[in-house]
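Chemist:
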Amino acid sequence: MRDRRRASFDTRREERAVSVTVGYVLTLTIATLLLSGLFIAGGSFVQGEREQAIHGEMTVIGERVAADIMTVDRLASDSGDAEELTATRTAEFPPRVSGDDYTVEIDAGSQVVILTHPRSDVSVEVPYRATNDVEPTTVGGGDLIIRWDDDRIEVIET
Numbered sequence: 035m036r037d038r039r040r041a042s043f044d045t046r047r048e049e050r051a052v053s054v055t056v057g058y059v060l061t062l063t064i065a066t067l068l069l070s071g072l073f074i075a076g077g078s079f080v081q082g083e084r085e086q087a088i089h090g091e092m093t094v095i096g097e098r099v100a101a102d103i104m105t106v107d108r109l110a111s112d113s114g115d116a117e118e119l120t121a122t123r124t125a126e127f128p129p130r131v132s133g134d135d136y137t138v139e140i141d142a143g144s145q146v147v148i149l150t151h152p153r154s155d156v157s158v159e160v161p162y163r164a165t166n167d168v169e170p171t172t173v174g175g176g177d178l179i180i181r182w183d184d185d186r187i188e189v190i191e192t
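Just so we're aligned, residue 35 is where the sequence shown starts under our numbering, counting upward by one.
(1) Taking all protein chains shown into account, decide if GLY57 is buried (16 or more other Cβ within 10 angstroms of its Cβ) or exposed.
(2) Is it buried or exposed, GLU91, if we count other Cβ atoms within 10 angstroms and call 16 or more buried?
(3) Where does GLU188 sit, in a helix, a strand or coil, going by DSSP?
(4) Using a threshold of 7 Å, state whether the C-beta atoms of VAL156 and GLU85 are closer than that.
(5) How many angstroms separate the CA atom of ARG181 from the CA atom of ARG123?
(6) Just list the residues that DSSP pairs VAL173 with in beta bridges.
(7) If you drop the 5 nearest sequence neighbours on each side, which residues of the same chain put their C-beta closer than 7 Å to that of THR105?
(8) Between PHE127, ILE74 and GLN145, which has its C-alpha nearest ILE103's C-alpha?
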C-alpha cells in the first residue's frame with residue numbers, strides 16, 4: 035500500500051513541475067508579445083510626431099519664402115521704372131529641418147513654393163501671388179536671396 039501512495043505522490047509532483055514550467059513559458063510569451071506591441075506602437079507614434087514637426091517647420095519656412103517673394107514683387111510693381119530698380123531681400127532660414135537637408139522649389143506656373151524633406155517624404159506647398167514673372171528654380175534649404183533682376187524675381191542660394 036505504501037508503494038501506491040508513493041507512486042501517486044510522485045505523479046502529482048511531476049504534474050506540478052510541468053505546470054510550473056508551462057506557466058513560466060506562457061508568462062514569458064505574453065510578456066514578450068506585450069513589450070513588442072508597445073515598442074511597435076511607440077515607434078509609429080514617434081515617427082508620426084516627427085513628421086508633424088517637420089511639416090510644421092517647413093510650413094513656416096514656406097510661408098516666409100512666399101511672403102518675401104510677394105514683398106519683392108510689390109516693390110517692383112510699385113516702382114515707377116522697374117527696369118532700373120534693384121531690390122534684394124536676404125532671408126535667413128535654417129539649413130536643416132529635423133536634422134536633414136530640404137529643398138525649396140519655386141513653381142512659377144502654379145505660383146507655389148514647394149518644400150520637400152527627402153528622408154520623411156513630407157512635402158509642403160505654400161501659394162503666393164505675384165504680378166511679375168518669378169524664375170522657376172529649385173534650391174537647397176538655408177539662407178536665400180530673393181531679388182528683382184530687370185524683368186523677373188529670382189530666388190538664389192547664398
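Yeah, the Cβ is synthetic: ideal placement off N, Cα and C, and Gly gets one too.
Modeler: In short:
(1) Residue 57 sits at position 23 when you count from the first residue of the sequence shown. Exposed, by the Cβ-count rule.
(2) Mapped onto the sequence shown, residue 91 falls at position 57. Burial call: buried.
(3) Along the sequence shown, one-based indexing puts residue 188 at 154. Looking at GLU188 - three-state DSSP - the assignment turns out to be strand.
(4) Position 122 of the sequence shown holds residue 156. Position 51 of the sequence shown holds residue 85. Yes, these two residues count as a Cβ contact at 7 Å.
(5) Reading the sequence shown from its first residue, position 147 is the one you call residue 181. Reading the sequence shown from its first residue, position 89 is the one you call residue 123. Cα-Cα distance, rounded: 6 Å.
(6) Taking the first residue of the sequence shown as 1, we reach residue 173 at position 139. Bridge partners of VAL173: VAL138.
(7) Here residue 105 is taken as the residue at index 71 of the sequence shown, counted from 1. Result list for THR105: ARG123, in chain order.
(8) Translated into positions along the sequence shown, residue 103 becomes position 69. Closest option to ILE103, Cα to Cα, is GLN145.
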